[in-house]
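Asker: Using our numbering, read the sequence shown as starting at 401 and increasing by one per residue.
The beta carbon of each residue, even a glycine, is placed where N, CA and C say it ideally should be.
Below you will find the structure I want to go over with you.
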Amino acid sequence: MSTLNLYVITTLIWSATWYAITFQLGGVVAPEISVVWRFGLASLVLLAYAWWRNLPLKFSVQDHMWMAVQGFFMFGPSYICVYLAEQYLASGLVAVVFSLIVFWNILGMRVFFAARINPLTVLAATLGVVGVVLLFWPELESFTTSADATFGLALAVLGTILSSLGNMAAVQNQSRRIPIVPLSGWGMMYGTLFMAVYAAIAGFEFTFEWSFSYVASFLYLSLFGTVLAFNGYLTLLKRIGPERAGYIGVAIPVVALLISTLFEDLQWEASMVAGTLLCIAGNVLILRGTAQRAAAS
Numbered sequence: 401m402s403t404l405n406l407y408v409i410t411t412l413i414w415s416a417t418w419y420a421i422t423f424q425l426g427g428v429v430a431p432e433i434s435v436v437w438r439f440g441l442a443s444l445v446l447l448a449y450a451w452w453r454n455l456p457l458k459f460s461v462q463d464h465m466w467m468a469v470q471g472f473f474m475f476g477p478s479y480i481c482v483y484l485a486e487q488y489l490a491s492g493l494v495a496v497v498f499s500l501i502v503f504w505n506i507l508g509m510r511v512f513f514a515a516r517i518n519p520l521t522v523l524a525a526t527l528g529v530v531g532v533v534l535l536f537w538p539e540l541e542s543f544t545t546s547a548d549a550t551f552g553l554a555l556a557v558l559g560t561i562l563s564s565l566g567n568m569a570a571v572q573n574q575s576r577r578i579p580i581v582p583l584s585g586w587g588m589m590y591g592t593l594f595m596a597v598y599a600a601i602a603g604f605e606f607t608f609e610w611s612f613s614y615v616a617s618f619l620y621l622s623l624f625g626t627v628l629a630f631n632g633y634l635t636l637l638k639r640i641g642p643e644r645a646g647y648i649g650v651a652i653p654v655v656a657l658l659i660s661t662l663f664e665d666l667q668w669e670a671s672m673v674a675g676t677l678l679c680i681a682g683n684v685l686i687l688r689g690t691a692q693r694a695a696a697s
């Protein structure tokens, strides 16, 4: 699949997860347990697929240690932070904070891999984040500095930083030439184990809700939002680097609002239109830079 198609498909799948997650909240299953079920099923599917395709499943102890690091940061507490943040904040503000991952990825590549900072990427990231802020400006205007809102904001920021560290671990693992499907499967398995231990220590009950909305959203989040989208994203990390791949975090809110327009009768305002245009401009810069990079190679 071409890089552009992979970028678009991953964005579309993850855009719908923001809506699907709302069906996982407020029921009988704690968010922490929902994450355990989600990544547990996804890891089993990926490892079974790797076995079926005769992909390598045995790795060195050091490889497993790095896969566990990736699993912890990418598939564990970062998602718990996002789930919990949405209980304290409007989803728009969570999306704004998560879009900052483009800057964390740029900084992480500089700190951990001494990568050169590309001014075009920084410009695109700035346009995108400002665009996301404008997209959700009506929600941001109602933000208060109450204890709950501040706690939710801290959770969202922490989750974004942890996700970015997971990206850095993925880059390290790919440099060790670990195939993406087994890497995802083992990483998700380790992330699931981390979260299961945390949930057990915290005293959460390992329950499951058999309502249609919960099961349908669970299957979508596990199979599409995790198995397909994460493998697509990790492939993008390998091809274009986390600085550009992380820009999906800017593209997602635009598509998510379009979904909300269709299913939740969202009313658009002038600031949202301006934000959409800025996000599109940033995406064009990122994809243009990606195309030029591919042509040069």
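Taking the alpha helix (DSSP H) that Tyr407 belongs to, which residues open and close that run?
Answerer: For this step, residue 407 is matched to residue 7 along the sequence shown. Start and end: 403-421.
Asker: Using 10 angstroms around the beta-carbon of Ile433, count the other beta-carbons present and answer buried if the total reaches 16, otherwise exposed.
Answerer: On the sequence shown, position 33 is the one that residue 433 refers to. By the neighbour-count rule (16 or more Cβ atoms within 10 Å), Ile433 is buried.
Asker: In whole angstroms, what is the alpha-carbon distance linking Ser671 and Val494?
Answerer: Taking the sequence shown and counting its residues from 1, one reaches residue 671 at position 271. Taking the sequence shown and counting its residues from 1, one reaches residue 494 at position 94. Cα to Cα, Ser671 sits roughly 18 Å from Val494.
Asker: Kindly indicate which residue of Gln424, Ile659, Ser575 has the alpha-carbon position closest to the one of Tyr620.
Answerer: Translated into positions along the sequence shown, residue 620 becomes position 220. Per the Cα distances, Gln424.
Asker: Express the C-alpha separation of Val461 and Val684 in angstroms, rounding to a whole number.
Answerer: Locating residue 684 in the sequence shown gives position 284, where the first residue counts as 1. Locating residue 461 in the sequence shown gives position 61, where the first residue counts as 1. Those two C-alpha atoms are separated by around 42 Å.
Asker: Across the region 658-667 and the region 509-516, are there enough close Cβ pairs to call them in contact, namely three or more that are closer than 8 Å?
Answerer: no
Asker: Just verifying my parser: in three-state terms, what is the DSSP assignment at Lys458?
Answerer: Mapped onto the sequence shown, residue 458 falls at position 58. DSSP places Lys458 in coil when its eight states are reduced to three.
Asker: Would Ala556 and Cys679 be called neighbours here (beta carbons separated by less than 8 Å)?
Answerer: Residue mapping note: residue 556 aligns to position 156 of the sequence shown, counting from 1. Residue mapping note: residue 679 aligns to position 279 of the sequence shown, counting from 1. Contact: no.
Asker: Thinking C-alpha only, which one of Ile506, Ile517, Tyr590, Ser611 is nearest Asp463?
Answerer: Taking the first residue of the sequence shown as position 1, residue 463 is located at position 63. With distances taken between Cα atoms, Asp463 lies closest to Tyr590.
Asker: What are the boundary residues of the alpha helix (DSSP H) that includes Asp548?
Answerer: Numbered from 1 along the sequence shown, position 148 holds the residue referred to as residue 548. It spans 547-575 - the alpha helix (DSSP H) in which Asp548 sits, taken as one unbroken run.
Asker: Using the beta-carbon count (16 or more within 10 Å), is Val353 buried or exposed?
Answerer: In the structure as shown, the chain starts at 401 and stops at 697, and residue 353 therefore has no counterpart that could be examined.
Asker: On the CB-based measure, 16 or more other CB atoms within 10 Å of its CB, does Thr545 come out buried or exposed?
Answerer: Mapped onto the sequence shown, residue 545 falls at position 145. Exposed, by the Cβ-count rule.
Asker: Going by alpha carbons, who is nearest to Val436 out of Phe503, Met401, Phe475?
Answerer: Locating residue 436 in the sequence shown gives position 36, counting from the first residue. Looking at the Cα atoms, Phe475 is the closest of the given residues.
Asker: Can you tell me the Cα-Cα spacing of Thr409 and Ala629, whole angstroms?
Answerer: As a first step, residue 409 must be located in the sequence shown, where it is residue number 9. As a first step, residue 629 must be located in the sequence shown, where it is residue number 229. Going by the sequence as given, residue 409 is Ile instead of Thr. When rounded, the distance between both Cα atoms is 8 Å.
Asker: How is the alpha helix (DSSP H) around Tyr633 delimited, first residue to last?
Answerer: Numbered from its first residue, the sequence shown carries residue 633 at position 233. It spans 629-645 - the alpha helix (DSSP H) in which Tyr633 sits, taken as one unbroken run.
Asker: Using only the alpha-carbon positions, how far apart do Pro519 and Ser622 sit?
Answerer: Your numbering for residue 519 matches position 119 in the sequence shown. Your numbering for residue 622 matches position 222 in the sequence shown. Taking the straight line from one Cα to the other gives about 36 Å.
Asker: Closest to Ser584 by CA distance: which of Ala490, Ala448, Ser499, Phe543 is it?
Answerer: Start at 1 with the first residue of the sequence shown, and residue 584 comes out as number 184. Here the closest residue by C-alpha is Ala448.
Asker: Start and end of the alpha helix (DSSP H) containing Ala599?
Answerer: Along the sequence shown, read from residue 1 onward, the residue named residue 599 stands at position 199. For Ala599, the enclosing alpha helix (DSSP H) has its first and last residue at 580-602.
Asker: Would you say the region 404-418 touches the region 547-566, given that touching needs at least three Cβ pairs under 8 Å?
Answerer: no
Asker: Would you kindly work out how many angstroms separate the C-alpha atoms of Leu446 and Thr521, rounded to a whole number?
Answerer: The residue you call residue 446 lines up with position 46 of the sequence shown. The residue you call residue 521 lines up with position 121 of the sequence shown. Between Leu446 and Thr521, the C-alpha separation is close to 32 Å.
Asker: Can you find the residues in the same chain that come closer than 6 Å, C-beta to C-beta, to Trp586, ignoring five residues on each side of it along the sequence?
Answerer: Here the question's residue 586 lines up with position 186 in the sequence shown. Met467.
Asker: In whole angstroms, give me the CA-to-CA distance for Trp452 and Gly625.
Answerer: Locating residue 452 in the sequence shown gives position 52, counting from the first residue. Locating residue 625 in the sequence shown gives position 225, counting from the first residue. Approximately 22 Å, taken between the alpha carbons.
Asker: Taking the beta carbon of Gly559 as the centre, do at least 16 other beta carbons fall within 10 Å, making it buried, or is it exposed?
Answerer: Indexing the sequence shown from 1 puts residue 559 at position 159. Gly559 comes out buried.
Asker: Rounded to the nearest angstrom, what separates Ser697 and Val571 at their Cα positions?
Answerer: In the sequence shown, the residue the question calls residue 697 occupies position 297. In the sequence shown, the residue the question calls residue 571 occupies position 171. Residue placement at Ser697 cannot be trusted, given a pLDDT of 48 that sits under 50; the coordinates are not used to answer.
Asker: Whole-angstrom Cβ separation of Val496 and Gly528, contact assumed at under 8 Å?
Answerer: The count along the sequence shown starts at 1 and reaches residue 496 at position 96. The count along the sequence shown starts at 1 and reaches residue 528 at position 128. 11 Å between Cβ atoms; not a contact.
Asker: Roughly how far, in whole angstroms, is the beta-carbon of Tyr483 from the beta-carbon of Pro431, given that I think they are within contact range, below 8 Å?
Answerer: For the purposes of this step, residue 483 is identified with residue 83 of the sequence shown, where counting begins at 1. For the purposes of this step, residue 431 is identified with residue 31 of the sequence shown, where counting begins at 1. Contact flag correct, Cβ pair sits at about 4 Å.
Asker: Suppose contacts are defined by Cβ-Cβ distances below 8 Å. Is Gly492 in contact with Phe551 by that definition?
Answerer: Start at 1 with the first residue of the sequence shown, and residue 492 comes out as number 92. Start at 1 with the first residue of the sequence shown, and residue 551 comes out as number 151. Going by C-beta atoms, Gly492 is not nearer than 8 Å to Phe551.
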